[in-house]
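All residue numbers for the sequence shown refer to this note's numbering, where the first residue is 284 and numbers rise by one. A virtual CB, placed ideally from N, CA and C, is assigned to each residue, including glycine. In what follows, a structure is listed as structure tokens, so that the remarks can point back to it.
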Amino acid sequence: MNMEIEEVIYQKLPLLSLNHVSLLVKDVWNSVQFYEAVLGFCLVKRPSSFNFHGAWLYNYGIGIHLLENKAMEDLDVNNEPRPINPKDNHISFQCTDVELVKRKLKEMGMRYVTAVVEDEGIKVDQVFFHDPDGYMIEICNCENLPMLPISSNCQLNHQFIGTYNKKIMPMAVPNYSCGFMETLMMEKLSMDMLNFSF
Numbered sequence: 284m285n286m287e288i289e290e291v292i293y294q295k296l297p298l299l300s301l302n303h304v305s306l307l308v309k310d311v312w313n314s315v316q317f318y319e320a321v322l323g324f325c326l327v328k329r330p331s332s333f334n335f336h337g338a339w340l341y342n343y344g345i346g347i348h349l350l351e352n353k354a355m356e357d358l359d360v361n362n363e364p365r366p367i368n369p370k371d372n373h374i375s376f377q378c379t380d381v382e383l384v385k386r387k388l389k390e391m392g393m394r395y396v397t398a399v400v401e402d403e404g405i406k407v408d409q410v411f412f413h414d415p416d417g418y419m420i421e422i423c424n425c426e427n428l429p430m431l432p433i434s435s436n437c438q439l440n441h442q443f444i445g446t447y448n449k450k451i452m453p454m455a456v457p458n459y460s461c462g463f464m465e466t467l468m469m470e471k472l473s474m475d476m477l478n479f480s481f
């Protein structure tokens, strides 16, 4: 009996990058202060057609959209702080100095937990903490780990340059064919416009 196996090839969507993360919050301005003061995000203009309370923040090439939902207060029946669990849903930010992050969080009186991930001698330091609504934030030096696709038909936009522990490491490179320069120019323009938009 002959059995034919048909390989299905899916056409990739024309994606460029992560645009924003949207979060339901109890108090928009309390969350805005957190994302500005702790993570360095900037408040940016949101469309005037929205008829609900919220705020948009932007930095590091991504946006955070906050949507106020007073019903979240009803879910918060326990006044005890939630345990910080690194295995919980979270947003992760790469940083250049994990020790500096820990010192800053300590100075601000924020609770956090740390973890270290190790693979073949490569270490990644992680710091986890909550925002005012209990959403988990991770800060890490994750760029230490190589980004190696498991599937042979998955193509990442990278090239192999540099070494770490005598291993060839893939490094992300800009994808100039997918509007990279246009995106960079628009980001710079939007940040320049912040100075005179309010």
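Assigned exposure category for residue i - 16 Cβ within 10 Å defines buried
i, result
"Trp259", "Nothing about residue 259 can be reported from this structure: the residues present for the chain run from 284 to 481 only."
"Tyr343", "exposed"
"Ser314", "buried"
"Val396", "exposed"
"Phe335", "exposed"
"Leu340", "buried"
"Val399", "exposed"
"Phe333", "exposed"
Inter-residue spacing [alpha-carbon to alpha-carbon] between residue i and residue j
i, j, result
"Lys387", "Lys353", "30 Å"
"Pro369", "Asn424", "15 Å"
"Tyr411", "Ser434", "Residue identity check: residue 411 is Phe in the sequence provided, not Tyr. About 30 Å."
"Glu319", "Asp310", "14 Å"
Contact set for residue i: own chain, Cβ-Cβ below 7 Å, skip 5 residues either direction
i, result
"Arg365", "His413, Gly417"
"Tyr459", "Note on Tyr459: pLDDT 38, under 50, position unreliable in the model; no value is reported."
6 Å CB neighbourhood of residue i in its chain, flanking five on each side removed
i, result
"Leu350", "Leu307, Gly337"
"Phe376", "Ile422"
Cβ-Cβ separation, residue j to residue i (assumed contact under 8 Å), whole Å
i, j, result
"Leu428", "Asp402", "6 Å"
"Ile345", "Ile420", "Not quite, the Cβ-Cβ distance comes to about 13 Å (not below 8 Å), so this is no contact."
"Arg394", "Ile367", "6 Å"
"Phe324", "Ile347", "6 Å"
"Val327", "Met391", "The Cβ separation is near 24 Å, so there is no contact."
Own chain partners of residue i with C-beta closer than 8 Å, once the 5 adjacent residues on each side are dropped
i, result
"Lys385", "Tyr395, Thr397, Val410"
Is it true that the region 390-408 meets the region 299-312, where meeting means three or more beta-carbon pairs spaced less than 8 Å apart? no
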